[in-house]
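Notes follow once the structure below has been shown.
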Amino acid sequence: MPRVLACAVLASAAAFAPSAAPLPAAEPAPGPDITFVEDEEEDAGDRPASPFAADERAGHRQDAVPGCIELSDGTKRAGKIYTTRAKRLKIYNLKRSIYEFVPVPACKRIEAVVEWERMDKEWRFKEAGNPEKVYTGRAYPLRMLAWRLTLQNDHEIVGHILGQPLYAEHDGKAERFILHKRDKGPMDGKLEDLVYIRRVVFGPEVYNEALKELQAQGAGPPGQSSK
Numbered sequence: 250m251p252r253v254l255a256c257a258v259l260a261s262a263a264a265f266a267p268s269a270a271p272l273p274a275a276e277p278a279p280g281p282d283i284t285f286v287e288d289e290e291e292d293a294g295d296r297p298a299s300p301f302a303a304d305e306r307a308g309h310r311q312d313a314v315p316g317c318i319e320l321s322d323g324t325k326r327a328g329k330i331y332t333t334r335a336k337r338l339k340i341y342n343l344k345r346s347i348y349e350f351v352p353v354p355a356c357k358r359i360e361a362v363v364e365w366e367r368m369d370k371e372w373r374f375k376e377a378g379n380p381e382k383v384y385t386g387r388a389y390p391l392r393m394l395a396w397r398l399t400l401q402n403d404h405e406i407v408g409h410i411l412g413q414p415l416y417a418e419h420d421g422k423a424e425r426f427i428l429h430k431r432d433k434g435p436m437d438g439k440l441e442d443l444v445y446i447r448r449v450v451f452g453p454e455v456y457n458e459a460l461k462e463l464q465a466q467g468a469g470p471p472g473q474s475s476k
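Just so you know, the sequence shown maps onto residues 250 to 476 in the numbering used here.
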């Protein structure tokens, strides 16, 4: 058979041959444990908050979440909860030894983990130029805290948060609370008087239930924020 005719026959056969089945889609590469989806502008958490930004009140904040903050003395504050504008909760993950940045709306619950607490003695130098220290007879309360963040997908992060505020707003008034690592009380104070955040629980049901409880107790709205 001439070469030209053979090529034509092969081309015709290829045209009528059934097409090969498509290859199965490759499995996506494993990603991080958690994927956060936010309404905020991309990379907003990497920029400092503008002092000329829009109103900080929860009614103007898409990231404000209804919930309740409970303190170690039993005090509860219900409100729309948020942190500093354009910021996420920065937590040092003790298990992974890295910093993680978690948006408040991604949290289901925040709980304090008391690593240790004690009364620390006050010491002073015996005299100028002398390295020897003497106990003054006074002491102050000291506490070390970690935080357990339970996310909406039930993933948990346990680590340290270094002085980040949470605001609980209700009826246009907000109160500020601090998530921190080290808590030091006044001289001659007591550990039980060194109040800290015991837990923060998010959700409309929790918010409404806490409001009803506070109203039954005759508790007023939170004080004006000191932002």
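No residue lacks a Cβ here, since even glycine has one placed at the ideal position from N, Cα and C.
Can you grab the Cα-Cα spacing for the pair V286 / N457, in whole Å?
-> Since pLDDT at V286 reaches only 38, below the 50 mark, its modelled position is unreliable, and the value read off the structure follows with that caveat. Answer to the nearest angstrom: the Cα atoms are 26 Å apart.
Give a yes or no on contact between the stretch 353 to 364 and the stretch 376 to 390, applying the rule of three or more CB pairs nearer than 8 Å.
-> no
Per DSSP, the bridge partner or partners of Y384 = W372
Ends of the beta strand (DSSP E) at E424?
-> 422 to 428
Apart from the five residues on each side of it in sequence, which residues of its chain come closer than 6 Å, Cβ to Cβ, to L460?
-> A327
From the DSSP output, which residues share a beta bridge with V449?
-> I318, I359
Nearest candidate by alpha-carbon position, reference I330, set E462, R373, E364, P414 | P414
Please classify V362: is it buried, with 16 or more other beta-carbons within 10 angstroms of its beta-carbon, or exposed?
-> exposed
Would you list the residues sitting across from D432 in a DSSP beta bridge?
-> R392
Rounded distance between the beta-carbons of A423 and V407, thought under 8 Å | With a Cβ gap of about 28 Å, V407 and A423 do not count as contacting.
Which same chain residues, not among the five before or five after L440, have their C-beta less than 6 Å away from its C-beta?
-> E366, P390
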